[in-house]
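Peer 1: Got a structure for you, written out below as structure tokens; questions coming shortly.
Protein chains in written order, with the numbering used here: chain A, 99 to 374; chain B, 154 to 453.
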């Protein structure tokens, strides 16, 4: 009986390990190839490791095309979008969860419905609005339409609802202004939710391809996914070692954030799902 | 008298607290009005017109929709989207549920495995596409592996219309499985442990416990996952654009790619808007069906 349990355990571990290998290999292959020489990426049999670490692939891609610009654009856009979203989402979420005014339910349902409509539906009119504002090919055009999401409001409302009303009442009696209550009581108490939403938003913005593709034309404003897509079509498209080091650099912020905030991310997903 | 009544009503609605609450919601509301509500209404209107961005809109009623259902290109993209979504969703559900069940078995180190399974979900689809395009090459990692282990001659993963859609499906399942695994895990952990203990005492084996306890109690999770995954599949865009641009032939030209091409290359805004409406309707109908299927009572 004990032996059977042990065998079962071993079998489960074996499956876990095999699946673990399958899921890791593409990522490992990206890292390994990014350090190879060009000849080593074109072998006929599998070479798991580079024979020598070619760091120059990284310096080359970093200097290539406008990789640096793509990277900093992505950073600027993702950071701005993230802060705008967590601020506006908690503002809206607070209003919807702690105040009772006519139309509150309708507004909440309306905001929820934004999650059900695919981006492709609003892409064309959104492009027209952005053009009307004169934001085509600008940072505003990249950032402002993404400055708030229905998911973000939903997420923050759910969390702020769990904060006890006593905090708010006490602050109000003490003469704290309404915005002061939000800024000094609600926001600090929502830190875990803000962090989770922040990471998910950053992830979505960093990885977004469709909207930048529509709204950006000039090289100097392209974000990483767009830039990488261009590099893929250029002479680097067949120089896989350099291409892979570009892919590594593009994923590095996400991988680091994931390793640090692993639990926050999984919690955030469990609470509502990730857009993108 | 009347004025007083109105005043009272006004006070009731806009008593200070209520007004404050509304003011907190206002910026968000304005945002959604401009960047969501107006675009949706506008998209519906555009779908009834013929328009190339520069001329004035010409109202054609249901003309675009009628044309679409006679357009072989559109019907093809409809079919491709259907195949892709069906295949990807089924594989995705099976894979992510299996992963979640494995992780949920009371073993050590499962947390570590969870990290490995989830890792692909945080990579951008652009990066994923670049890496897999490299692996799918004629002399790429996958063909080299198949040759070395099973002695299978190289498969034209991306350059044959027979395999291209399958190749993207496999890639997407790899990329997304960890994400849905996390949601399944949350569902599994919500099932009361006492039920499993009771089943054990009653002598139920692993399979029976799975069918009789786990699956029925996972219904809400299944509902959420089925809706989210179908929506994600129908909306998938980046891998198709970057990996195959719809080819070879039109074997991977999904609806999102067709919409993008019609709108921003051929400048047929009306037609593209009509296509996006159809995409939305499909999603909407699917969601309703799924809610119907999974909403049926949960019995303990």
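Where is the CB? At the ideal position from N, CA and C, for every residue including glycine.
Can the beta-carbon of residue 190(A) be found less than 8 Å from the beta-carbon of residue 212(B)?
Peer 2: no
Peer 1: Determine, using beta carbons only, whether residue 181(B) comes closer than 8 Å to chain A.
Peer 2: yes
Peer 1: Check the Cβ of residue 258(B) against every Cβ in chain E and list those closer than 7 Å, keeping chain order.
Peer 2: The chain inventory of the structure shown lacks chain E, comprising the protein chains A and B.
Peer 1: Would you check if there are 3 or more beta carbon pairs closer than 8 Å linking the segment 300-316 of chain B to the segment 374-383 of chain B?
Peer 2: no
Peer 1: Using a 10 Å radius around the Cβ and a threshold of 16 neighbouring Cβ atoms, would you call residue 347(B) buried or exposed?
Peer 2: exposed
Peer 1: Give me, in chain order, the residues of the same chain whose beta-carbon lies closer than 7 Å to that of residue 158(A); leave out the 5 immediate sequence neighbours on both sides.
Peer 2: 340
Peer 1: Out of curiosity, what's the CA-to-CA distance linking residue 294(B) and residue 138(A)?
Peer 2: Computed Cα separation, rounded: 12 Å.
Peer 1: Return the residues of the segment 285-310 of chain B that lie within a Cβ-Cβ distance of less than 7 Å from chain A, sorted by chain order.
Peer 2: Listed in sequence order: 285, 287, 288, 292, 294, 297, 298 and 301.
Peer 1: Taking 6 Å as the limit between beta carbons, can you name the residues of its chain near residue 251(A), skipping five residues before and five after?
Peer 2: 187, 190, 191 and 209
Peer 1: Where do the N-terminal and C-terminal ends of the alpha helix (DSSP H) with residue 445(B) fall, by residue?
Peer 2: 422-448
Peer 1: Does any residue of chain A bring its CB to less than 8 Å from the CB of residue 279(B)?
Peer 2: yes
Peer 1: Using the three-state DSSP reduction, which class does residue 212(B) fall into: helix, strand or coil?
Peer 2: strand
Peer 1: For residue 290(A), count the other beta carbons within 10 Å of its own beta carbon; 16 or more makes it buried, fewer makes it exposed. Which is it?
Peer 2: exposed
Peer 1: Look at the alpha carbon of residue 160(A) and the alpha carbon of residue 344(A), and state the distance between them as a whole number of angstroms.
Peer 2: The alpha-carbon atoms of residue 160(A) and residue 344(A) are separated by roughly 8 Å.
Peer 1: Among 283(A), 249(A) and 275(A), whose alpha-carbon lies nearest the alpha-carbon of residue 263(A)?
Peer 2: 283(A)
Peer 1: Taking beta-carbon pairs under 7 Å, can you tell me which members of the segment 305-332 of chain A lie near chain B?
Peer 2: Along the segment 305-332 of chain A, the positions whose C-beta sits under 7 Å from a C-beta of chain B are 305, 307, 308, 312, 323, 326, 327 and 330, read in chain order.
Peer 1: If we ignore side chains and look at the alpha-carbon of each, how far apart do residue 233(B) and residue 114(A) end up?
Peer 2: 33 Å
Peer 1: Counting only runs that start and end within the segment 332-378 of chain B, where is the alpha helix (DSSP H) found for 4 or more residues in a row?
Peer 2: 346-354 and 359-362
Peer 1: Exposed or buried, residue 411(B), counting other C-beta atoms within 10 Å across all chains shown (16 or more means buried)?
Peer 2: buried
Peer 1: Is there a C-beta anywhere in chain A that falls below 8 Å from the one on residue 171(B)?
Peer 2: Nearest CB-CB separation between residue 171(B) and chain A: below the 8 Å threshold.
Peer 1: Given a threshold of 16 other Cβ atoms within 10 Å of its Cβ, counted over all protein chains shown, does residue 356(B) qualify as buried or as exposed?
Peer 2: exposed
Peer 1: Below 9 Å on C-beta distance, what does residue 118(A) contact in chain B?
Peer 2: Within chain B, the residues placing a beta-carbon under 9 Å from that of residue 118(A) are 265, 266, 269 and 270, ordered along the chain.
Peer 1: Could you tell me the alpha carbon to alpha carbon distance between residue 374(A) and residue 358(B), rounded to whole angstroms?
Peer 2: Its pLDDT being 32, under 50, residue 374(A) is placed unreliably by the model, and the measurement read from it follows with that caveat. For residue 374(A) and residue 358(B), the distance between alpha carbons rounds to 40 Å.
Peer 1: Can you name, in chain order, every residue of its own chain whose Cβ lies under 7 Å from the Cβ of residue 365(A), other than the five neighbours on each side?
Peer 2: 294
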